[in-house]
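A short write-up of the structure that comes next.
Numbering (the working numbering), first residue to last: 1 to 932.
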């Protein structure tokens with residue numbers, strides 16, 4: 001009768017089979033008159049704890065168990081509280097309760113832990129009605145699991161008055177067609193899911209600046225105008241077989257010249273809604289505790305008038321006992337017939353029967369666990385929120401912001417809501433995490449001219465000001481846009497030439513849009529909308545939303561700029577520098593047979609100055625030529641690509657400390673000198689461990705456990721921290737410690753935490769056979785493996801560790817390494833996402849002076865202070881990098897924003913090849929001379 005329960009893997013039967021009442025569909029006939037009347041009443045409950053002494057709980061128990069009211073509407077709470085309260089309430093009921101909730105934005109709107117969706121206006125901004133349907137499905141799934149049967153949604157009001165303080169973004173649009181399409185899709189989703197949808201607020205609450213929670217709005221217009229505008233979405237809802245319609249407290253003299261609220265108007269509620277529009281299902285009033293009705297009628301009279309007008313359910317009467325008695329008296333004195341009461345009770349009873357709650361009125365906790373707040377549900381909601389973000393204005397393509405290009409950011413919050421800090425916490429945290437140099441100014445009061453001047457001075461040096469405008473739409477607030485003094489502040493910022501990016505959280509309407517350099521609408525302030533705004537701001541997600549409402553004559557419905565999700569690419573700038581002398585050095589290396597080929601990437605200030613390849617894979621005449629997609633065994637550059645960033649992540653996560661000593665991970669070392677080796681000693685090559693051990697010469701079948709045991713049993717060359725001595729063994733130990741801490745292999749951690757997040761698509765341990773044609777060979781290994789090594793790690797110890805080690809094993813190309821280097825120049829951010837904290841980046845790239853005078857940073861090397869660095873003569877003191885035994889190098893000049901990657905296979909055909917040091921040094925010198 002009220003909607004089908006088609007199966008689509010949500011809840012086929014959400015209710016358990018513990019039958020409490022054996023009531024058939026005609027059971028209502030057994031009720032006496034007062035209990036029939038009580039069936040028409042729904043009262044307020046929530047998910048909070050009620051102890052046995054609670055006054056409201058005692059009243060509630062009486063209303064349910066003695067008066068036998070028909071239902072409850074559940075407001076805020078958490079999942080546990082709401083579930084157990086509803087179960088408790090149902091246990092009191094001789095007649096099962098109909099349970100409703102205002103779930104316009106999903107279960108998460110009312111209950112922490114449920115799925116929260118963006119607002120209706122945000123849904124419409126996606127342009128995709130199937131998302132409204134999906135929202136309805138998920139909302140029904142979670143509501144039914146909780147024992148909630150009726151969803152008081154969707155809002156079918158047309159927001160054709162920008163000054164509306166209570167509907168606003170709760171509406172889909174200012175277009176009756178859009179409201180109808182999205183609302184009908186939501187209704188279908190709810191009712192296909194087995195719950196009941198309730199279209200509201202008939203006959204239309206959009207075209208008013210009055211909040212019916214406080215006063216009675218009057219909307220002017222003719223019947224013909226209302227037919228085309230306000231009534232149209234409700235006609236479509238009826239065509240969609242909506243189970244309920246909520247009648248609002250709105251006067252429409254064009255429909256009923258008496259000026260009565262629609263909820264008290266027989267003309268509007270019965271003559272038009274029932275007779276003319278053909279609605280046969282349940283009519284519920286808006287809350288009878290609202291100012292729009294209480295100012296004109298007493299508590300009991302308000303209920304009587306609503307029944308007279310045609311309502312089947314009276315929602316939230318001020319006094320339940322008085323309401324029942326007033327309606328009862330109206331029947332006794334002939335004002336309302338008992339048949340009229342019977343018609344409504346029968347409808348309610350049939351709805352309960354259709355829902356299955358006459359026999360099975362409670363469900364079990366497992367149903368809740370299996371259906372509420374599921375990851376897929378929340379991912380769907382976040383997808384919708386991301387897709388809804390609308391870019392209204394974007395001067396100079398300022399959005400998406402590039403954190404590496406901004407010296408500092410200011411976050412200016414403009415609101416009059418005391419809870420704004422809580423709502424915007426996600427954005428605050430995101431800004432600080434992504435950029436860190438953030439100045440925050442919170443304004444929630446009217447501003448004087450002096451205060452405006454002071455704020456302007458504070459913002460003067462900002463690279464950009466992110467202006468968060470939180471305009472909360474809620475009862476009794478009476479606001480639909482920002483405060484006039486806040487608008488004046490924005491004008492002043494424009495006059496001073498301060499760049500501003502405006503984000504509206506809530507109402508999209510502003511007094512003016514000209515004062516902002518960019519303007520983005522979220523249509524809400526729920527957590528997923530705030531997160532979506534952060535994603536869009538930094539380019540983590542594309543921006544595709546379109547305005548579902550007209551803002552002004554310039555920004556019309558349907559307008560919306562697009563911004564692609566940021567994909568990494570260096571800006572191309574290869575014509576400005578003469579690098580011929582550097583190329584001569586490379587070509588000399590090839591002709592002198594220092595290496596058969598090379599790959600180079602040079603970056604300055606995010607500009608790709610060079611991406612060049614030279615020579616071949618080998619010295620054979622038919623050798624494949626090196627190209628920009630060729631992949632190299634990068635040897636010891638692995639150290640800064642694997643254990644170094646993974647250790648940084650673990651420090652950020654507080655799972656490891658640089659000062660931890662290895663005896664904490666190998667207890668047998670307690671009390672020994674080796675046990676005093678710290679993580680910092682391992683990363684600065686000051687542990688005292690030997691440089692390497694040729695394990696393959698002693699045991700070609702050694703595994704990681706045995707190798708670690710042998711390392712721990714070696715003697716130290718010096719006490720930890722006394723000297724600097726490059727050691728592969730220390731890095732192998734660090735890998736083992738990382739795997740002890742995380743219970744995860746190093747290659748998995750690198751892929752998850754580093755390679756995948758920054759799209760190092762050609763970087764991996766143990767490259768797949770399918771890409772080996774791209775891999776440049778290293779050595780003819782005559783001693784150990786007896787073959788040319790191609791796609792198999794050159795380092796013997798790494799090979800014994802199945803190709804995965806902290807000291808060697810990674811394969812990559814120059815472009816991927818440049819991406820990785822850019823992560824460090826960005827001080828830990830990548831395309832607006834923070835991968836590593838800026839503090840940890842600064843720490844790791846700085847010389848540690850262990851021992852004093854050492855050039856070692858943490859994991860990284862720095863140019864030798866003796867002036868003989870392979871980085872040449874021009875890299876600054878703020879530079880860092882690393883070499884690889886196979887003929888690879890990566891150097892970064894942090895202050896100058898320079899990256900130089902040089903990859904060769906100098907160990908081909910034999911590691912005995914010499915001359916690489918002078919080639920590297922000369923090459924880097926010529927590069928820096930050309931670009932500085």
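Virtual Cβ for every residue (Gly too), placed ideally from N, Cα, C.
DSSP-derived helix/strand/coil call for residue 860: Residue 860: coil per DSSP, three-state reduction.
Selected residue, minimal CA-CA separation from residue 563, among 646, 543, 569, 550: Comparing Cα-Cα distances from residue 563 to each of 646, 543, 569, 550, the minimum goes to 543.
Cα-Cα separation, residue 164 to residue 58: Between residue 164 and residue 58, the C-alpha separation is close to 39 Å.
Nearest residue (CA-CA) to residue 662, options 453, 712, 643: Taking only the C-alpha atoms, the option nearest residue 662 is 712.
Assigned exposure category for residue 452 - 16 Cβ within 10 Å defines buried: buried
Which residues DSSP lists as bridging residue 351, in chain order: Residue 351 is not bridged to any residue.
Assumed close pair residue 626, residue 806 - CB separation to whole angstroms, cut-off 8 Å: The Cβ separation is near 28 Å, so there is no contact.
Nonlocal neighbours in the same chain, by C-beta distance under 8 Å from residue 33, ignoring five residues either side: 328, 331, 338, 341
For residue 599, the three-state DSSP class (helix, strand or coil): strand
Inter-residue spacing [alpha-carbon to alpha-carbon] between residue 185 and residue 133: 5 Å
CB-CB length for residue 234 against residue 197, believed under 8 Å: That pair is no contact at about 12 Å.
Closest residue to residue 355 among 230, 98, 309, 829 (Cα-Cα distance): 98
Completely contained beta strand (DSSP E) runs for the segment 567-647, where each covers 3 or more residues: 597-604, 607-615
Residue 466 CB to nearest heavy atom of the ligand NAD below 6 Å: This structure lacks the ligand NAD, and indeed carries no ligand of any kind.
Simplified DSSP state of residue 908, which is helix, strand or coil: coil
Same chain, Cβ closer than 6 Å to residue 112, neighbours up to 5 away in sequence not counted: 78
Whole-number beta carbon distance between residue 118 and residue 541, since they are thought to touch under 8 Å: Not quite, the Cβ-Cβ distance comes to about 13 Å (not below 8 Å), so this is no contact.
Local Cβ density within 10 Å of residue 139, reported as buried at 16 or more and exposed below that: When all chains shown are included, residue 139 counts as buried.
Reduced DSSP category for residue 736 - H, G, I as helix; E, B as strand; rest coil: helix
Where residue 884 falls: helix, strand or coil (DSSP): strand
Where the beta strand (DSSP E) containing residue 500 begins and where it ends: Start and end: 500-506.
Whole-number beta carbon distance between residue 907 and residue 887, since they are thought to touch under 8 Å: The beta-carbon distance between residue 887 and residue 907, rounded to whole angstroms, is 6 Å. This is short enough to meet the 8 Å contact definition.
Alpha-carbon spacing of residue 116 relative to residue 213, whole angstroms: Residue 213 has its alpha-carbon roughly 24 Å from the corresponding atom of residue 116.
Cutoff 6 Å; reference residue 772; Cβ partners in own chain excluding five residues on either side: 791
Range covered by the beta strand (DSSP E) that runs through residue 450: That residue, residue 450, is in no beta strand (DSSP E); its alpha helix (DSSP H) goes 449-459.
Pairwise C-alpha distance: residue 719 and residue 913: Each residue's alpha carbon lies about 34 Å from the other.
Rounded Cβ spacing between residue 702 and residue 733 (contact assumed at less than 8 Å): Not quite, the Cβ-Cβ distance comes to about 15 Å (not below 8 Å), so this is no contact.
Contact the segment 678-695 vs the segment 723-738: 3+ CB pairs below 8 Å: Contact check between the segment 678-695 and the segment 723-738: three or more CB pairs, one atom from each, fall below 8 Å, which counts as touching.
Per-residue DSSP class, three states only, for residue 947: Outside the displayed span of the chain (1 to 932) sits residue 947, for which this structure offers no information.
Three-state class that DSSP yields for residue 543 in the structure shown: strand
Contact with chain B by residue 842, beta-carbon distance below 7 Å: Of the protein chains in this structure there is only one, and it is not chain B.
DSSP-derived helix/strand/coil call for residue 811: strand
Paired residues, beta bridge with residue 780 - DSSP: Residue pairing from DSSP places residue 780 in a beta bridge opposite 788.
Stretch pair the segment 807-823 + the segment 626-637: three plus CB contacts closer than 8 Å: Using a C-beta cut-off of 8 Å, the segment 807-823 makes contact with the segment 626-637, since at least three inter-stretch Cβ pairs fall below that distance.
Residue span of the beta strand (DSSP E) that contains residue 44, given as start and end: 41-47
Rounded separation between residue 408 and residue 440 - CA only: 11 Å
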